[in-house]
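Student: This is the structure, below, for whatever I ask next.
2 protein chains.
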Amino acid sequence: MRREVTLRDVAELAGVSSRTVSNVVNGYANVTERTRERVQRAVDELGYRPNVLARNLAQGRSGQIAVVVPYLDTPYFSELLQSVIRAARARGYNVLIDQTDGDPEHERAFIAHGSRRLLFDGVIFSPLGLDQQALADRDPALPLVVLGERTSDGGFDHVGIDDVTASRQATDHLLDLGRQRIAAIGDQPYATGEAAQRRTRGFRLAHQARGLVPREDLIISTPRFNRPDGAQAMAHLLDLAEPPDAVFCYSDLVALGAIRTIVSRGLRVPEDVAVIGYDDIEDGAYSNPTVTTISPDKEMIATTAVDRLLLRIASDTPPPGLEMRAPHKLIIRESTAGRTTATA
Amino acid sequence: MRREVTLRDVAELAGVSSRTVSNVVNGYANVTERTRERVQRAVDELGYRPNVLARNLAQGRSGQIAVVVPYLDTPYFSELLQSVIRAARARGYNVLIDQTDGDPEHERAFIAHGSRRLLFDGVIFSPLGLDQQALADRDPALPLVVLGERTSDGGFDHVGIDDVTASRQATDHLLDLGRQRIAAIGDQPYATGEAAQRRTRGFRLAHQARGLVPREDLIISTPRFNRPDGAQAMAHLLDLAEPPDAVFCYSDLVALGAIRTIVSRGLRVPEDVAVIGYDDIEDGAYSNPTVTTISPDKEMIATTAVDRLLLRIASDTPPPGLEMRAPHKLIIRESTAGRTTATA
DNA sequence: GTGAAAGCGCTAACAT
DNA sequence: ATGTTAGCGCTTTCAC
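The structure is reproduced here in structure tokens:
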């Protein structure tokens, strides 16, 4: 690679010190209009580009934040990522994206202080489940914002929607339709399944508020929240002696998988089984039938997370960990309301 | 942030020079087992972590490659990205992901030599369409591998599948089913739509080989390859006096949008209209109906692209630009074959 | 407002 | 096999 034009080259040509060039390049105040112009001309003439690597080293920061998600090809995450990238870029930060494949070991490595530590100034972390070991091992100096999962650890921030309330609303919607046997797909009754458990809690609360008790055999757990899981769980439910007439799925993918199974058995959605999802991914707006869902405000989640992380990065004394709630809403579509009019 | 442990600290504690520590840390040869051990102990004791930023500067490389895609939330790209990340990581590289939002200006900025240039050692670039201006402005010193689009410029490599043949196979499949009026959705009859045009060419070739001529009013162009585009184009087709009985869609998303429109009009897939897509995204395997599609070998595309890029990065004299073809296959599902048996 | 010079922490050419 | 040392290109404290 040919030698790059350096700050010093520019300084020499402009007849000033490198300090002054640095000032001009970074838009600092104390420069006369005349020198600024002279320097600028030299910059243009030489085609000077600041060396980010050198700047990073000198400043001890990288200008990058990492966003860690379990799976990149899960629509919810890729849609969220889009918003995060936009927000970060608008604030002058690059985004380094990584997926953990849901591997707890990998998740741990990311927030522990490893060799890659200096590649990013902070991390927005969307864990599959919050592994306590990972939290214990984490580098306390690493600015961190966690998405989705909640926690009591005060060392970082958390951004998410109110899962319990949202799940309760979803269940209420099914109950309002007069459904009698409502199933839930996606529970995760183990340590790292906190988010799932909050949804189950909302599911139960909705029943209790009406003096009902959900049938335990209708609450199905799944390892992940994807289509195959949904398809399989639904198959199991339909094989029951008294199959459900409605299903609350903990993600839209699960809902799509479930719908697939229902339809392939020759049953109809929502006539035979009403289905509601969670996440509001684009797929659900174009599927047959379209999927009723809980829609978290992803844009808000993203900007909140980025802003909070940058604040944390900028602070000398780390601010206390904060719980932040983004809004959500219920979007009613065909999988519960049925087909309405023919659309264009 | 507290002061980091440096190489020199380790050297001091171990009673050796920093050079030796560097050798140990990087696993170089010339170190006695005894010194290696002593150094290692010092490293462990101090909890030393090499500073990536400093290493990058000293080596003049970043250990990162950038992958640039138009849209992150398009399943085809996010599925492809997964494979790229895996491949790059296995070879010791980080992946910096960026999306251009399909903005040609943005695409240009990425391969032109900008200030971010040194953040990555090379770029895997998946343009929406290959803008000639962007190519002209590109930094000739930047190792570059382009996905999807083809080109005559010899300065970089290209990896993709044989679009013409694949499209011809897709069309053949519809013709084999005895369909008479086959439409195509996704043509892009302008400079940056080369990939789309290759598909149209395959579409025409399949007809010609049987002495047929496709109806021109059944070839619909769309600005993008997403669901809304597919839905809208299909609506237009169904409004024709003689609507098609089969559609070749240039992406699975387009196919899903088209199917959505067909079904919402009360028509059946594939009985009234058979639909075939392109890309083999997961959605298409779980939709109702499931979508017949052209499946490019994404894993192969990803590893080929990464390997080739790393080779290019490592070379002093850049190798000549290469055209590389990844395999593809036709996957037949319900949208053309109809529903078979009830699935679990 | 501008200059001189000391790092940032590492790598690698050169010397021993 | 190991030590010495000069960069990598920038930022920034300290003088003037």
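Protein sequence lines correspond, in order, to chains A and B. Note that full-length UniProt numbering numbers the first sequence so that position 319 is 319, with each residue one more than the last. Note that full-length UniProt numbering numbers the second sequence so that position 176 is 176, with each residue one more than the last. No residue lacks a Cβ here, since even glycine has one placed at the ideal position from N, Cα and C. If you're wondering where the values come from, they're calculated on a predicted model, not measured in any experiment.
If distances are taken between C-alpha atoms only, which option among B:Gly186, B:Ile65, B:Val273 comes closest to B:Asp98?
Tutor: B:Ile65
Student: For B:Leu322, which residues from the same chain have a beta carbon less than 6 Å from its beta carbon, with the 5 sequence-adjacent residues on both sides left out?
Tutor: Asp157
Student: Note down, in chain order, each residue of its chain lying with its Cβ closer than 6 Å to the Cβ of B:Arg227, except the 5 sequence neighbours on either side.
Tutor: Leu253, Leu256, Gly257
Student: What residue does the beta strand (DSSP E) around A:Glu323 start on, and which one ends it?
Tutor: Counting along the chain, A:Glu323 sits inside the beta strand (DSSP E) bounded by residues 323-326.
Student: What does a CB cutoff of less than 7 Å around B:Arg61 pick up in its chain, not counting 5 residues either side in sequence?
Tutor: Asp121
Student: Please report how far the alpha carbon of A:Glu4 lies from the alpha carbon of A:Leu13, in whole angstroms.
Tutor: If I take the Cα positions, the gap works out to 15 Å.
Student: For the segment 292-310 of chain B against the segment 74-88 of chain B, are there 3 or more C-beta pairs whose distance is under 8 Å?
Tutor: yes
Student: Excluding the five sequence neighbours on either side, which residues of its own chain have a C-beta within less than 8 Å of the C-beta of B:Glu79, listed in chain order?
Tutor: Ile281, Glu282, Lys298
Student: Give me the chain B residues within the contact set of A:Ile301, using Cβ-Cβ distance strictly less than 9 Å, ordered along the chain.
Tutor: Simply none; closest approach about 15 Å.
Student: Under a three-way DSSP split, which group does B:Arg2 fall into?
Tutor: Only weak support is given to the placement of B:Arg2: the predicted model assigns it a pLDDT of 49, under 50, and the value that follows is read from those uncertain coordinates. If DSSP states are grouped into helix, strand and coil, B:Arg2 belongs with coil.
Student: Is there a Cβ from chain A that is less than 7 Å from the Cβ of B:Ala112?
Tutor: no
Student: Is A:Leu309 near A:Val145, with beta carbons less than 7 Å apart?
Tutor: yes
Student: Quick one: is A:Arg240 buried, meaning 16 or more other Cβ sit within 10 Å of its Cβ, or exposed?
Tutor: One detail in the question is off: residue 240 of chain A reads as Leu in this sequence, not Arg. So A:Leu240 ends up on the exposed side.
Student: Pick from A:Val10, A:Ala183, A:Leu135, A:Pro127: whose alpha carbon is nearest that of A:Val68?
Tutor: A:Pro127
Student: State the DSSP-derived secondary structure class of B:Asn56, mapped to helix, strand or coil.
Tutor: The answer is helix: DSSP assigns B:Asn56 an H, G or I state.
Student: To test your reading of the DSSP string, which unbroken beta strand (DSSP E) runs of 3 or more residues are found completely within the segment 218-297 of chain A?
Tutor: 219-221, 246-249, 274-278, 292-296
Student: Could you give the C-beta distance for B:Leu142 and B:Ile124, rounded to a whole number, given that I count them as a contact under 8 Å?
Tutor: Not quite, the Cβ-Cβ distance comes to about 11 Å (not below 8 Å), so this is no contact.
Student: Tell me the DSSP secondary structure of A:Gln144 in three-state form.
Tutor: Sequence inspection shows Leu at residue 144 of chain A; the Gln mentioned does not correspond to that position. Looking at A:Leu144 - three-state DSSP - the assignment turns out to be strand.
Student: State the CB to CB distance for the pair A:Leu57 and A:Val10, rounded to an integer number of angstroms; the pair is presumed to be in contact (CB under 8 Å).
Tutor: A:Leu57 to A:Val10, Cβ: 19 Å. No contact.
Student: Do B:Phe248 and B:Ala184 come within 7 Å of each other at the CB atom, strictly closer than that value?
Tutor: yes
Student: Do A:Arg150 and A:Ala112 have their C-beta atoms closer together than 7 Å?
Tutor: no
Student: Comparing alpha-carbon positions, which option in B:Arg210, B:Gln188, B:Ala235, B:Glu271 lies nearest B:Tyr250?
Tutor: B:Gln188
Student: Verify the CB distance criterion: does B:Asn30 have a CB-CB separation below 7 Å to chain A?
Tutor: no
Student: Out of B:Arg333, B:Asp307, B:Arg8, state which residue places its alpha-carbon closest to the alpha-carbon of B:Met324.
Tutor: B:Asp307
Student: Report the neighbours of A:Gln78 on chain B: residues whose CB is nearer than 7 Å to its CB, in chain order.
Tutor: One detail in the question is off: residue 78 of chain A reads as Ser in this sequence, not Gln. Going along chain B in sequence order, the residues near A:Ser78 (Cβ under 7 Å) are Leu72, Asp73, Ser78.
Student: Rounded to a whole number of angstroms, what is the C-alpha to C-alpha distance between A:Arg55 and B:Gly202?
Tutor: 51 Å
Student: Is the shortest distance between the beta-carbon of B:Ile97 and the beta-carbons of chain A less than 7 Å?
Tutor: yes
Student: Please list the partners that A:Glu282 has in chain B, where partner means a Cβ-to-Cβ separation under 8 Å.
Tutor: Those are Asp73, Arg227, listed as they occur along chain B.
Student: Give the DSSP bridge partners of A:Leu96, in chain order.
Tutor: In the DSSP output, where bridge partners are listed per residue, A:Leu96 has A:Ala66.
Student: Compare the C-alpha of B:Gly63 against each of B:Arg38, B:Arg91, B:Phe77 and name the closest.
Tutor: B:Arg91
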